[in-house]
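Trainee: Quick one: structure below, then a few questions.
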Amino acid sequence: EPEVTQTPSHQVTQMGQEVILRCVPISNHLYFYWYRQILGQKVEFLVSFYNNEISEKSEIFDDQFSVERPDGSNFTLKIRSTKLEDSAMYFCASSEAESGVEKLFFGSGTQLSVL
Amino acid sequence: AQTVTQSQPEMSVQEAETVTLSCTYDTSESDYYLFWYKQPPSRQMILVIRQEAYKQQNATENRFSVNFQKAAKSFSLKISDSQLGDAAMYFCAYRNSNSGYALNFGKGTSLLVTP
Chain A
4 EPEVTQTPSH QVTQMGQEVI LRCVPISNHL YFYWYRQILG QKVEFLVSFY
54 NNEISEKSEI FDDQFSVERP DGSNFTLKIR STKLEDSAMY FCASSEAESG
104 VEKLFFGSGT QLSVL
Chain B
17 AQTVTQSQPE MSVQEAETVT LSCTYDTSES DYYLFWYKQP PSRQMILVIR
67 QEAYKQQNAT ENRFSVNFQK AAKSFSLKIS DSQLGDAAMY FCAYRNSNSG
117 YALNFGKGTS LLVTP
């Protein structure tokens, strides 16, 4: 089965630094998502992306966050100035369509540690 | 806002036995979608089963089935003939039918399968 690929698997950064998390969604998928999971807490929705623009974003997704699909295959999440509370596992996902029951395919996540 | 509650942080089952993971949710909507995702040690979340709220028939996927009680807002997952490979974290998730792309997850249940 095709997979969503995320790199790196683990990223360590200093507070205040910019980080870019990278994802390669499944090639024929049109909808892209970022979720995050802080240790011990539930998985939370950050943002969805379709047709080169944000479709929906949560309260977590503030001005420090941005997403981009720079080259038609990669889908990136940028955090401009990381905070300690940004430490979490970040999951990328993609889907072929956005109908309510549509299956999301998730990557294996990037563990972001902000020191 | 919708909330999803998984009241069992951990469950254990013997190989070949049956286990039920519970999930309740809170919503004022009448049409929505419910999902169970499995997260093995590889961290990649995989869809196990999905249910459309307007369908009365409980969804079934091989050894996995759900007990969907709409009035009680309950969506439990039954795993029959448990296998060692079923050991994972299981997340219940909710999605609105008419607004948004976001999945709303519960905190997860860690399932241990013993030989």
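Sequence order for the protein chains is A and B. Sequential numbering of the first sequence, starting at 4, is according to the working numbering. Sequential numbering of the second sequence, starting at 17, is according to the working numbering. Just so you know, even glycine gets a beta-carbon here, dropped at the ideal spot from N, CA and C.
By a C-beta neighbour count over all protein chains shown, 10 Å radius and 16 as the cutoff for buried, is N11/B buried or exposed?
Mentor: With chain B running from 17 to 131 in the structure shown, residue 11/B is simply not present.
Trainee: Which of the three DSSP states, helix, strand or coil, is assigned to L33/A?
Mentor: Position 30 of the first sequence holds residue 33/A. Three-state result, L33/A: coil.
Trainee: Alpha carbon to alpha carbon, how far is Y70/B from K86/A? Give it in angstroms, no decimals.
Mentor: Here residue 86/A refers to the residue found at position 83 of the first sequence. Here residue 70/B refers to the residue found at position 54 of the second sequence. K86/A and Y70/B: Cα-Cα distance of roughly 42 Å.
Trainee: Which whole runs of the beta strand (DSSP E) in the stretch 38 to 92 of chain B are 3 residues long or more, in chain order?
Mentor: Runs of the beta strand (DSSP E) inside the stretch 38 to 92 of chain B: 40 to 42, 48 to 55, 62 to 68 and 80 to 85.
Trainee: Determine the chain B residues that contact S111/A at a beta-carbon separation under 7 Å, and present them in chain order.
Mentor: Stepping through the first sequence from its first residue, residue 111/A is reached at position 108. Residues of chain B passing the Cβ test: S58, R59 and Q60.
Trainee: Give the single residue among L127/B, S90/B and R79/B whose Cα lies nearest to the Cα of Y48/B.
Mentor: What you label residue 48/B is simply residue 32 of the second sequence in a count that begins at 1. Among L127/B, S90/B and R79/B, the Cα nearest to that of Y48/B is on S90/B.
Trainee: Below 8 Å on C-beta distance, what does E68/B contact in chain A?
Mentor: Against the second sequence, residue 68/B aligns to sequence position 52. Result: G103 and V104.
Trainee: Just checking, does the stretch 14 to 23 of chain A make contact with the stretch 46 to 55 of chain A on the three C-beta pairs under 8 Å criterion?
Mentor: They do not touch, by the three-pair rule.
Trainee: Decide if D102/B is buried, meaning its Cβ has at least 16 other Cβ atoms within 10 Å, or exposed.
Mentor: The residue labelled residue 102/B in the question sits at position 86 within the second sequence. That one is buried.
Trainee: Determine the direct distance from the alpha carbon of G124/B to that of A87/B, and round the result to whole angstroms.
Mentor: For the purposes of this step, residue 87/B is taken as the residue at position 71 of the second sequence. For the purposes of this step, residue 124/B is taken as the residue at position 108 of the second sequence. Computed Cα separation, rounded: 22 Å.
Trainee: If you draw a straight line from the alpha carbon of S126/B to that of G19/A, how long is it in whole angstroms?
Mentor: By 1-based counting over the second sequence, the position of residue 126/B is 110. By 1-based counting over the first sequence, the position of residue 19/A is 16. Roughly 34 Å between the two C-alpha positions.
Trainee: Please report the straight-line C-alpha distance between P2/A and I95/B, rounded to a whole angstrom.
Mentor: The requested residue 2/A is not part of the displayed model; chain A covers only 4 to 118.
Trainee: Say whether chain A places a C-beta atom closer than 7 Å to the C-beta of K86/B.
Mentor: What you label residue 86/B is simply residue 70 of the second sequence in a count that begins at 1. Closer than 7 Å: no.
Trainee: Over the uninterrupted beta strand (DSSP E) stretch that includes I63/A, give me the two end residues.
Mentor: Within the first sequence, numbered from 1, the residue matching residue 63/A stands at position 60. It is not in any beta strand (DSSP E) - I63/A carries neither H nor E in the DSSP assignment.
Trainee: Anyone know if the C-beta pair for R111/B and G103/A falls short of 7 Å?
Mentor: Position 95 of the second sequence, counted from the start, is the residue given in the question as residue 111/B. Position 100 of the first sequence, counted from the start, is the residue given in the question as residue 103/A. Their beta carbons are under 7 Å apart, which means R111/B touches G103/A by this criterion.
Trainee: How about K123/B: is its C-beta nearer than 7 Å to some C-beta of chain A?
Mentor: Translated into positions along the second sequence, residue 123/B becomes position 107. With 7 Å as the cut-off, K123/B counts as an interface residue toward chain A.
Trainee: L115/A: buried (16+ other C-beta within 10 angstroms of its C-beta) or exposed?
Mentor: For the purposes of this step, residue 115/A is taken as residue 112 along the first sequence, with counting starting at 1. Label assigned to L115/A: buried.
Trainee: Name, in chain order, the residues that DSSP records as bridge partners for R83/A.
Mentor: As a working mapping, residue 83/A is identified with position 80 in the first sequence. DSSP output for R83/A lists no bridge partner at all.
Trainee: Would K106/A be called buried (16 or more neighbouring beta carbons within 10 Å of its own) or exposed?
Mentor: As a position in the first sequence, residue 106/A is number 103, starting the count at 1. By the 10 Å Cβ count, K106/A comes out exposed.
Trainee: Using a Cβ-Cβ distance cut-off of 7 Å, determine whether E71/A contacts chain B.
Mentor: As a first step, residue 71/A is located in the first sequence; it is residue number 68 there, counting from the start. No, because no Cβ of chain B sits closer than 7 Å to the Cβ of E71/A.
Trainee: Measuring only the C-alpha atoms, how far is I75/B from A109/B?
Mentor: By 1-based counting over the second sequence, the position of residue 75/B is 59. By 1-based counting over the second sequence, the position of residue 109/B is 93. Checking the displayed sequence, the identity of residue 75/B turns out to be Ala instead of Ile. Approximately 15 Å, taken between the alpha carbons.
Trainee: Can you list the residues of chain B that F64/A reaches, using a CB-CB cut of under 7 Å?
Mentor: One-based indexing of the first sequence puts residue 64/A at position 61. Under the 7 Å cutoff, chain B gives no residues; its nearest Cβ is about 11 Å from F64/A.
Trainee: Please state the DSSP three-state secondary structure of L107/A.
Mentor: The residue you call residue 107/A lines up with position 104 of the first sequence. In the structure shown, L107/A sits in coil (DSSP, three-state: anything other than H, G, I, E or B).
Trainee: Does L119/B come out as helix, strand or coil in the three-state DSSP assignment?
Mentor: Along the second sequence, one-based indexing puts residue 119/B at 103. Residue state, collapsed to three classes: coil.
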